[in-house]
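Its first residue numbered 59, the sequence shown is counted upward by one per residue in this note's numbering.
The structure appears right after this line, and notes come after that.
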Amino acid sequence: MTHKGTNVRTIAETPEMARLIDVITSWHAHVPETIERISSVAVTAISADPRSLEAQMEEVVFEVLNSTHKFAGAGIVSVHPTVLARSRSLLWWVTQRENSRVEPLPLDADLTELGTYQAGLEDIEWYRVPAATGRPHMTGPFVDYMCTDQFAFTFTVPLKISGEFYGVAGIDMTVRSLEEEIESLLEDVSPDAILLSNTDLVAISLDPQFATGSRLKSEQLEAYDLTLVPGTLLSIAAPR
């Protein structure tokens with residue numbers, strides 16, 4: 059499937075492109091169902107007894123983070139009065155590996171940026187977009203100083219109860235976890251191929267002039283054919 063726009067053109071899918079798309083799709087495959095699982099536990103706990111929210115979130119997040127090395131963090135963020143009256147606003151854990159097992163570490167809002175920007179969550183993309191659209195969203199890549207201290211993608215979905223927005227549930231995945239799987243496959247497509255997020259944000263680039271997290275201008279995109287990775291907001295840019 060090839061993304062079409064005024065600055066791109068359709069290209070034939072090659073075996074190299076097909077293999078690359080398959081690996082990216084596999085990397086992303088469990089994201090929707092995993093976030094839905096976290097969201098479902100949160101909604102059930104908030105609806106029944108918000109005092110049980112933290113314990114139930116800890117249980118499901120520990121299971122999620124131990125299920126695969128791909129997830130670097132997971133949890134929920136909520137500043138809804140119902141949640142704040144009985145729980146913490148930030149119920150999020152990050153991976154901390156001990157031997158072969160992951161020991162999730164809880165984040166403390168007072169020790170992270172969240173403690174200073176709670177009143178401005180509407181300005182934070184991973185919170186603002188699901189709140190405004192009611193739809194899942196992928197943010198990044200960005201340097202996730204709050205959680206991983208690495209370039210990461212944050213996938214979030216809105217938490218809604220009876221149509222009311224309560225916050226977001228989400229997971230973090232590092233760019234490195236994807237780069238390790240696709241770097242050689244990306245090179246098979248083109249020595250200067252780029253993996254883009256949301257059509258113009260650089261996630262992984264074989265071209266040294268484009269750094270992770272930088273944004274390509276429309277005139278720069280004119281030099282590439284973009285192929286959308288189905289089911290994701292990622293696309294592969296190959297020089298024409």
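Every residue, glycine too, gets a C-beta built ideally from N, C-alpha and C.
Here the structure is a predicted model, which means the values were calculated and not measured.
Check your understanding: Assuming Leu292 contacts Leu253 under a Cβ cut-off of 8 Å, what Cβ separation, rounded to an integer in Å, is found between them?
Key -> 6 Å
Practice item. Would you tell me roughly how many angstroms separate the C-alpha atoms of Trp150 and Ala132, rounded to the nearest one? Key: 6 Å
**Study point:** 8 Å Cβ cutoff met for Leu148 and Gln154
**Key:** no
Exercise for review: Quick one: give me the first and last residue of the beta strand (DSSP E) that Glu222 is part of.
Suggested key: 222-232
Review point. If you count every other CB in all the chains shown that lies within 10 Å of the CB of Ala225, and 16 or more means buried, which is it?
Key: According to the sequence shown, residue 225 is Gly rather than Ala. Counting Cβ neighbours within 10 Å, Gly225 comes out buried, since at least 16 surround it.
Check your understanding: Whose C-alpha, out of His86, Ala100, Gln278, is nearest the C-alpha of Lys128?
Key -> His86
Check your understanding: In whole angstroms, what separates the C-alpha of Phe213 from that of Ser98?
Key -> 15 Å
Exercise for review: Pull up the distance between the alpha-carbon of Glu94 and that of Glu116, whole angstroms please.
Suggested key: 15 Å
Review point. Does DSSP put Ser145 in a helix, in a strand, or in coil?
Key: coil
Practice item. Go ahead and pull the three-state DSSP assignment for Val99. Key: The DSSP-derived three-state label of Val99 is helix.
Check your understanding: With respect to the beta strand (DSSP E) encompassing Tyr282, which residues constitute its N-terminal and C-terminal limits?
Key -> 282-286
Check your understanding: Taking the C-alpha atoms as reference points, what is the distance between Asp107 and Val141?
Key -> The alpha-carbon atoms of Asp107 and Val141 are separated by roughly 10 Å.
Practice item. List the DSSP bridge partners of Arg273. Key: Leu259
Review point. Considering only residues of the same chain and omitting the five flanking positions on each side of Ser110, which have a CB-CB separation below 6 Å?
Key: Ala103
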